[in-house]
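Here's the structure, in structure tokens; my notes come after.
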Amino acid sequence: MDNRPIGVFDSGLGGLTVVKELMKELPGESITYFGDTGRVPYGTRSKGIITKYATQDINFLISRNVKAIVVACGTVSSVALSFLREKFSLPIIGVVDATAKAAAAVTVNKKVGILGTSGTIASGAYERKLKELDEKIETVPRECPLFVPLVENGHINCIETYHIACNYLQPLKDKEVDTIILGCTHYPLLKEVIADIMGSDTKLVDSAAPTCGHVSRLLDEKDMRSGSGHAEYRYFVSDSADSFSKLGSVFLQKEITGSVSQIEIEQY
Ligand code: DGL
306 MDNRPIGVFD SGLGGLTVVK ELMKELPGES ITYFGDTGRV PYGTRSKGII TKYATQDINF
366 LISRNVKAIV VACGTVSSVA LSFLREKFSL PIIGVVDATA KAAAAVTVNK KVGILGTSGT
426 IASGAYERKL KELDEKIETV PRECPLFVPL VENGHINCIE TYHIACNYLQ PLKDKEVDTI
486 ILGCTHYPLL KEVIADIMGS DTKLVDSAAP TCGHVSRLLD EKDMRSGSGH AEYRYFVSDS
546 ADSFSKLGSV FLQKEITGSV SQIEIEQY
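Residue numbering for the sequence shown follows the numbering used here, starting at 306 and increasing by one per position.
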């Protein structure tokens, strides 16, 4: 038994899509979230910078006494996970493996589209995992660099977002994929737009449920479940706490109830 919180981080608000699922499926677990809102986006940056930022994010969460880390960021999970696992001794869970497994399990025509940040797509992490799971799977990767700024600024159901999404999704339509991995934790906010363009038969697989399942199994394996019976939620950001609280509730689909504090992430 371990009553310490689970640490979760992302470049900004996107990781809250994973937090929402953790709250629902693991209601006894406390969560300490860090959103690097002062340095978002990560997805267009070099491997060196992404690794440096992620190292600081984890150092900060460790200073808050977390028992495990969920990297609720497709970019960091794709680009820096093995480095981070070697560097730190606590359990670190990324989003790629479990999400790819979920997609491989639902595709029927074995054509899977992968949407992600430039960093995620350039890393080839999702394609490698899918091929490892089933070499017959054909992948159609597509970087979507404008999605994160659109979502972070609340442009979710507007016509500009729809047009940009049409452009990003066209190659996936042309190849007739039956499954799409939303390979960035911001993208579930665009599910309706994507479903509208692709049609309701296309299966959209995001990281929240598969990653949550992975966390749950890990807590059992390591006998690390909380026994306290009540969960506390704390949020930390590297830019304004006010704007995080406002938009964060859209991601969580409920009010942010725990405290939100701004920290100096460069100190970690
Ligand atoms: N949510 C992050 C991801 O899953 C966003 C990346 C970014 O900040 O560009 O990749």
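Quick reminder that beta carbons are idealized off the backbone N, C-alpha and C, glycines included. Remember, it's a predicted structure, so these values are computed and weren't measured experimentally.
For residue i, the residue or residues it bridges with in DSSP
i           : result
residue 352 : BP columns for residue 352 are empty, so no partner.
residue 369 : DSSP output for residue 369 lists no bridge partner at all.
residue 344 : DSSP, once it has assigned bridges, lists no residue as partnering residue 344.
residue 339 : 314 and 541
residue 357 : Its beta-bridge partners do not exist; DSSP assigns none.
Assigned secondary structure, residue i (DSSP; H/G/I helix, E/B strand, else coil)
i           : result
residue 393 : coil
residue 564 : strand
residue 433 : helix
residue 570 : helix
residue 312 : strand
residue 408 : helix
residue 376 : strand
residue 334 : coil
residue 477 : helix
residue 448 : strand
residue 443 : strand
residue 325 : helix
residue 539 : strand
residue 456 : helix
Burial state of residue i, where buried means 16 or more other Cβ atoms lie within 10 Å
i           : result
residue 464 : exposed
residue 333 : exposed
residue 399 : buried
residue 532 : exposed
residue 410 : exposed
residue 306 : exposed
residue 528 : exposed
Top-ranked residue by Cα proximity to residue i, from the options
i           : options               : result
residue 384 : 355, 362 and 367      : 355
residue 340 : 559, 552 and 558      : 552
residue 569 : 421, 306, 362 and 559 : 362
residue 572 : 448, 308, 319 and 358 : 358
residue 336 : 374, 360 and 425      : 374
residue 407 : 481, 434 and 546      : 434
residue 490 : 316, 309 and 307      : 316
residue 557 : 313, 306 and 323      : 323
residue 372 : 515, 534, 309 and 448 : 309
residue 479 : 453, 447 and 487      : 447
residue 503 : 512, 481 and 515      : 481
residue 538 : 378, 498, 563 and 423 : 563
field: Minimum length 4: unbroken alpha helix (DSSP H) runs contained in the stretch 481-520
entry: The qualifying runs are 496-503.
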